[in-house]
Every structure is written in C-alpha cells, then in structure tokens.
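Here the structure is laid out as structure tokens; the discussion comes afterwards.
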Amino acid sequence: MLSAKAKYGLKAALYLAEQEGLGGVLVADIAETQKIPKKFLDSILLELKNVGLLASKKGKGGGYFLAKPAGKVMVGQIVRILDGPLALIPCVSQTAYRPCTDCASEAACRIRQVMQRVRDATAEILDNTSLLELTSNKSMPQVFNYDI
Numbered sequence: 150m151l152s153a154k155a156k157y158g159l160k161a162a163l164y165l166a167e168q169e170g171l172g173g174v175l176v177a178d179i180a181e182t183q184k185i186p187k188k189f190l191d192s193i194l195l196e197l198k199n200v201g202l203l204a205s206k207k208g209k210g211g212g213y214f215l216a217k218p219a220g221k222v223m224v225g226q227i228v229r230i231l232d233g234p235l236a237l238i239p240c241v242s243q244t245a246y247r248p249c250t251d252c253a254s255e256a257a258c259r260i261r262q263v264m265q266r267v268r269d270a271t272a273e274i275l276d277n278t279s280l281l282e283l284t285s286n287k288s289m290p291q292v293f294n295y296d297i
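Take 150 as the starting number for the sequence shown in my numbering and just add one per residue.
This is the structure we're talking about:
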C-alpha cells in the first residue's frame with residue numbers, strides 16, 4: 150500500500166508541476182490547497198529536494214519548484230524515494246533484494262513468481278508515467294487489460 154508520505158509527496162509534486170514556470174510555491178500554499186499537514190509536508194519536500202527532484206529559492210517569489218521539467222519526473226522515482234522499493238516481498242526487489250529465510254527454492258516458489266509479476270507491472274506503470282502526463286486532461290493510457 151502507498152504510504153501517506155508517498156501520497157502526499159506525489160500530490161505536492163503534481164501541484165508543483167501544475168505551477169511550473171510560475172515561480173516558487175510556498176509550503177503553506179501547497180499544504181493548504183492539497184490538504185497536507187504542513188509539518189509533514191516540510192520533511193517530505195526537503196527529502197525530495199535533497200535528492201534533486203525539487204529546488205527552492207528564498208525571498209520574494211521564492212518557494213519550492215521542480216528541479217527538472219515535469220515530463221522528466223516519473224511517479225516511480227517519487228514513490229521509491231519516499232517509500233523505498235516497489236516490491237511487496239524482498240526476494241523480488243531490484244534495489245533491496247534479500248532471500249526469504251522460509252523458502253526452500255526461489256526458482257520454484259510460486260508466491261515469488263506472482264510477486265515478481267506484480268512488481269514488474271507496477272514498475273512498468275509508475276516508471277512510465279510522468280508528472281506532466283498526470284497534469285494533462287488526457288485520460289491515462291490503459292497499459293494492461295485484465296479480466297478477473
């Protein structure tokens with residue numbers, strides 16, 4: 150499940166993408182318009198700034214803004230920065246792999262097989278969706294069509 154931290158980070162980044170080119174946006178404005186607790190938002194924005202996704206400027210016209218164009222900022226980047234790996238279990242993680250201690254054979258593990266498919270599908274969508282796409286009025290393309 151997406152944490153509140155990642156959800157708030159996405160909401161804030163999306164809001165900044167919508168304000169792209171208009172100058173910096175104050176934390177208080179983001180917090181108010183996006184219904185995010187300001188103190189929590191401060192730490193989220195600082196974390197995104199420290200990894201280079203956001204930048205800030207002090208003084209008149211200051212505030213936070215995207216450090217790169219919205220089309221170059223992918224949803225998957227933000228989720229990984231704020232929540233860590235996308236994988237639901239560590240044995241399928243590409244960035245934080247750990248073998249399962251209760252598994253006799255990774256190659257034969259059916260749980261691992263399905264969780265790897267979940268990770269791959271999630272990464273495919275999140276890593277190919279930019280903030281720019283989310284700001285447009287176009288409906289999101291349907292990547293997968295499953296009948297359940």
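Where is the CB? At the ideal position from N, CA and C, for every residue including glycine.
Given the structure is predicted, the values throughout are model-derived calculations rather than measurements.
Rounded separation between residue i and residue j - CA only
i: Ser152; j: Gln243; result: 20 angstroms
i: Met223; j: Asn277; result: 7 angstroms
i: Glu282; j: Asp251; result: 41 angstroms
i: Ala180; j: Gly225; result: 22 angstroms
i: Arg261; j: Pro239; result: 9 angstroms
i: Leu237; j: Lys156; result: 17 angstroms
i: Pro234; j: Gly211; result: 33 angstroms
i: Arg247; j: Lys209; result: 48 angstroms
i: Leu190; j: Leu197; result: 11 angstroms
i: Asp199; j: Ile227; result: Note that residue 199 is Asn in the sequence shown, not Asp. Between Asn199 and Ile227, the C-alpha separation is close to 12 angstroms.
i: Leu231; j: Leu195; result: 11 angstroms
i: Ile136; j: Ala256; result: Absent from the structure is residue 136, since the part of the chain shown begins at 150 and ends at 297.
i: Ile185; j: Met150; result: 18 angstroms
i: Ser192; j: Ala253; result: 41 angstroms
i: Arg268; j: Lys154; result: 20 angstroms
i: Ala245; j: Thr271; result: 16 angstroms
Beta-carbon contacts of residue i that lie in its chain and below 8 angstroms, excluding the five residues immediately before and after
i: Phe214; result: Leu165, Gln168, Glu169, Gly172, Gly173, Val174, Leu203, Ala204, Ser205 and Lys206
i: Ala177; result: Lys187
Which listed residue (the options) has its alpha carbon closest to that of residue i
i: Cys258; options: Val241, Tyr246 and Arg268; result: Val241
i: Pro218; options: Ser285, Leu280, Ser254 and Lys184; result: Leu280
Beta-ladder partner(s) of residue i, from DSSP
i: Val174; result: Tyr213
Backbone secondary structure at residue i - three-state DSSP
i: Leu235; result: coil
i: Leu159; result: helix
i: Ser205; result: strand
Residues of its chain near residue i, where Cβ-Cβ distance is below 6 angstroms and the 5 sequence neighbours each way are ignored
i: Cys249; result: Cys240
Chain-order list of residues whose beta-carbon lies under 7 angstroms from that of residue i (same chain, five-residue window excluded)
i: Gln265; result: Val241
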